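Asks:
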Amino acid sequence: MTRRVDRRSFLKASVAGAAAVGLSLSSGRRVLGANEEIRVGVIGIRGRGADHIKGFGAVPGVRVAAICDCDANVLDTVAERFRSQGQPIATYTDARKLLDNKDLDVVATATPNHWHSLIAVWGCQAGKDVYVEKPVSHNVWEGRQAVNAARRYDRIVQTGTQSRSSREGVAQAIAWVRSGQLGKILAARGICYKRRDSIGLVAGPQPIPSGIDYDLWCGPAPLDPLMRKNLHYDWHWVWATGNGDLGNQGIHQMDLARWSLGVDHLSPRVWSVGGRFGYVDDGQTANTQIVFHDYPDAPLIFEVRGLPDKTDSRNMDQFLGSNVGVHVHCEGGRLFIPGYAATGAKAYDRDGKEIMAWSGTEDHFANFIRAVRSRRREDLHADILEGHLSSALCHTGNISYRLGKTATGDEIAARIRADRDATDAWQRMVEHLRANQVDLATTPATMGAVLRMDPQTERFVDNEQANQLLTRDYREPFRVPEIA
Ligand SMILES: NC(=O)c1ccc[n+]([C@@H]2O[C@H](COP(=O)([O-])OP(=O)(O)OC[C@H]3O[C@@H](n4cnc5c(N)ncnc54)[C@H](O)[C@@H]3O)[C@@H](O)[C@H]2O)c1
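Heads up, the sequence shown is in my numbering, so the first residue is 165 and it goes up one at a time.
(1) Helix, strand or coil for D377, going by three-state DSSP, please let me know.
(2) Among S436, D574, R353, R308, which has the Cα closest to the Cα of P502?
(3) Measuring from the CB of G205, is there a heavy atom of ligand 1 at a distance below 8 Å?
(4) What does a CB cutoff of less than 6 Å around Y512 pick up in its chain, not counting 5 residues either side in sequence?
(5) Counting only runs of 3+ residues fully inside the region 327 to 371, write out the beta strand (DSSP E) ranges in chain order.
(6) Return the first residue and the last residue of the alpha helix (DSSP H) that R422 is part of.
(7) Taking 8 Å as the cut-off, is the C-beta of C232 nearer than that to any heavy atom in ligand 2?
(8) Please report the Cβ distance between H664 and T325, rounded to the nearest whole angstrom; I am assuming they are in contact, meaning their Cβ atoms lie under 8 Å.
(9) Less than 7 Å between C-beta atoms, sequence neighbours within five positions excluded: which residues of the same chain meet that for G573?
(10) Does the separation of the CB atoms of T257 and S554 fall below 9 Å?
(11) Taking the straight line between their C-alpha atoms, what separation do you get for W522 and T610?
(12) Would you say L387 touches ligand 1, meaning its beta carbon is less than 8 Å from a heavy atom?
(13) Just mark S431 as buried or exposed, buried being the case when its beta carbon has 16 or more other beta carbons within 10 Å.
(14) Go ahead and label T275 buried or exposed: buried means 16 or more other beta carbons lie within 10 angstroms of its beta carbon, across all protein chains shown.
(15) Mind listing, in chain order, the continuous beta strand (DSSP E) runs of no fewer than 3 residues lying wholly within the region 206 to 253?
(16) Report, in whole angstroms, the separation of the C-beta atoms of G612 and S436, which I expect to be a contact under 8 Å.
(17) Counting only the same chain and skipping the five closest in sequence on each side, list residues whose C-beta sits under 7 Å from that of R514.
(18) Please name the residue in G291, P252, F246, N407 whose C-alpha comes closest to that of D269.
(19) Could you tell me which residues DSSP puts in a beta bridge with R623?
(20) Tell me the residue span of the beta strand (DSSP E) that contains K569.
(21) Assuming I320 and D361 are in contact, meaning their beta carbons sit under 8 Å apart, how far apart are those beta carbons, in whole angstroms?
(22) Within the same chain, show all residues whose beta-carbon is closer than 8 Å to that of R422, passing over the 5 residues directly before and after it, in chain order.
(23) Taking only heavy atoms of ligand 1 into account, decide whether any of them is closer than 8 Å to the Cβ of K298.
(24) Once you ignore the five residues that flank Y638 on each side, which residues in its own chain have a CB closer than 8 Å to its CB?
(25) What are the start and end residues of the alpha helix (DSSP H) that includes F529?
(26) Under a three-way DSSP split, which group does L464 fall into?
(27) Ignore the nearest five residues each way along the sequence and tell me which others in N451's own chain have a CB closer than 6 Å to its CB.
(28) For N531, I'd like the list of residues in its chain whose CB is within less than 6 Å of its CB, leaving aside the five on either flank, ordered along the chain.
(29) Would the region 200 to 211 and the region 336 to 348 be scored as touching if the rule is three or more Cβ pairs under 8 Å?
(30) Using CA coordinates, which residue listed in Q453, R316, V341, P252 is at the minimum distance from N407?
(31) How far does the beta strand (DSSP E) with W590 in it reach, from first residue to last?
(32) For W381, is the beta carbon positioned less than 8 Å from some heavy atom of ligand 1?
(33) DSSP three-state label for H457, please.
(34) Can you tell me where the alpha helix (DSSP H) holding H280 begins and where it ends?
(35) Which residue or residues does DSSP assign as beta-bridge partners of S523?
(36) Can you tell me whether L420 is buried or exposed, with buried defined as 16 or more other CB within 10 angstroms of its CB?
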């Protein structure tokens, strides 16, 4: 097969951008023929990245040609799998070097959250199309830069919220409920009751496991000593790198809930209440949380629970028959979108009788590749803008929580009384904590700040402390560039 590198097509802007982040000026992109093989590089290949390798490998006309991980053990293990099957693979520990590889058309990333937007922006600047895992950002501002980069460098950028590819299932159901078939939509409710155990409590800094380039692993985050047992995965529960379960499992349901409401901007008013209950460990994020997004037509309420239904149980609470899903409450009944990665939905009338059901999903990786070939972002099921908005709803909820103060149950009830749906969620949360023998008098919940947002500017109104948490102090040279 002949391969062409059309250097004229390489945007001048990407050269400038690439130079700014230290990517080689020889980076470029090929102009793809209709049937030409698409070459993918996957960055961060321990957990979800392994799914990327499998998923892209299964799409006709696509080949995973490069892999990158800053953990040499992970990289070697995965590279060996390729080699044992006689498949050539380029390996990298530094994502910038992978982005320098001009034979790659696409970069997919499943690193921890704090790297997502930076890799998405760098990928666009290097002339690649990008598949970026959810949440697409670790903070609101950088997510917007990822959207801007996609537009400025004219790249195809897909968010890893695969439920968006349930076209015959979820998309049809949402279109149906939005057309008024169940009357007015009263509220959308995301439920994420998923067991999250203690991550342990260490006495001091932990050794960095051998084989890990910790400077690269930390990237934009501070190069702080490791203050937890496991470097991998448990970063979700630490603010410098993760976004709690709201930005982990929860972002899937946040996205479906926002889609159901048909809103394409951040909520004008948000608050959160919660805590990290049931154990004392090195985690910082809430394991029990309510977020209230006060959209004027109908609110978006989100509930996170990491503890079981009662002490010593392995079962989770159920809300209307399920522990993870989205409920769209309407005057004439309810739409329910179930599951960790939703592939369908059901509608119920006011008596709880099932009246409609939808199912069916397409492959989210294949959808992305289709758009890469067509060069039409309208072909994408989860364009980066959708990913940014839904990720940002997780972040603003967390900002409210982080700026909160502990309060008694009565104080919290009084503060949220005007938001009727939230009061109901709070009362159920109190019962849930009681069943887990959590005493709110000795381990009080945190009542978050009530924040007002200007959705046009994506900045909070009259709250500089909250605005500071919309971004971070980037550690050089891992700074997300501002893209106009
Ligand atoms: N869409 C989904 O259904 C889904 C499912 C699971 C996870 N995810 C997302 O995938 C991401 C990864 O999750 P995970 O469970 O695989 O995490 P993990 O911690 O198990 O693995 C992350 C890997 O990335 C590597 N890494 C870190 N920084 C890197 C860098 N700068 N360059 C190269 N490699 C780097 C780590 O060494 C590790 O091997 C998360 O953001 C998560 O939200 C999505």
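Even glycine gets a Cβ: it sits at the ideal position worked out from N, Cα and C. It should be emphasised that the depicted structure is a prediction, and the values quoted were computed from it without experimental measurement.
Replies: Concretely, from the data shown:
(1) DSSP places D377 outside both helix and strand once states are collapsed to three, so it counts as coil.
(2) Of the candidates S436, D574, R353, R308, R353 places its Cα closest to the Cα of P502.
(3) No - ligand 1 has no heavy atom lying nearer than 8 Å to the Cβ of G205.
(4) Taking Y512 as the centre and dropping the five residues before and after it, the same chain places the C-beta of G497, R498, E518 closer than 6 Å to its C-beta, in chain order.
(5) Secondary structure within the region 327 to 371: the beta strand (DSSP E) runs of 3 or more consecutive residues, fully enclosed, are 349 to 357 (chain order).
(6) Its alpha helix (DSSP H) spans residues 414 to 425.
(7) Inclusion of ligand 2 in the displayed structure is not the case, the ligand content consisting of ligand 1 alone.
(8) This structure cannot settle anything about residue 664, because the visible part of the chain is limited to 165 through 648.
(9) Counting only Cβ-Cβ distances below 7 Å, and skipping sequence neighbours, we find V594, L604.
(10) The beta carbons of T257 and S554 sit no closer together than 9 Å.
(11) One C-alpha to the other measures close to 39 Å.
(12) No.
(13) Taking a 10 Å sphere around the C-beta of S431, we find 16 or more other C-beta atoms and assign the residue as buried.
(14) Buried, by the Cβ-count rule.
(15) The qualifying runs are 226 to 232.
(16) The pair is a contact, with the Cβ atoms about 4 Å apart (cut-off 8 Å).
(17) Residues of the same chain with a CB within less than 7 Å of the CB of R514, apart from the 5 flanking positions on each side, are G496, G497 in chain order.
(18) Cα-wise, what sits closest to D269 is G291.
(19) R623 pairs with D618.
(20) In the DSSP annotation of this structure, the continuous segment of the beta strand (DSSP E) that includes K569 starts and ends at 569 to 571.
(21) Actually they are not in contact, since the Cβ atoms of I320 and D361 sit about 38 Å apart, beyond 8 Å.
(22) Result list for R422: A352, L464, L553, S554, L557, in chain order.
(23) Result yes, Cβ under 8 Å from ligand 1.
(24) Same-chain partners within the cutoff: P384, V644.
(25) Boundaries of the alpha helix (DSSP H) around F529: 528 to 538.
(26) Looking at L464 - three-state DSSP - the assignment turns out to be strand.
(27) Its chain contains R360, R440, G470 as the residues whose beta carbon lies nearer than 6 Å to that of N451, once the 5 sequence neighbours on both sides are disregarded; these appear in chain order.
(28) For N531, where only same-chain residues beyond five positions count, the Cβ hits under 6 Å are S329, H545.
(29) Result no; under three Cβ-Cβ pairs closer than 8 Å.
(30) For N407, the nearest C-alpha among the options comes from Q453.
(31) Boundaries for W590: no beta strand (DSSP E) harbours it, while the alpha helix (DSSP H) harbouring it runs 584 to 599, taken from the DSSP string.
(32) Distances taken from the Cβ of W381 to the heavy atoms of ligand 1 include one shorter than 8 Å.
(33) DSSP places H457 in the strand class (E or B) of the three-state scheme.
(34) Counting along the chain, the alpha helix (DSSP H) containing H280 begins and ends at 280 to 289.
(35) Answer is G508, bridged to S523.
(36) Answer is buried; the Cβ neighbour count reaches 16.
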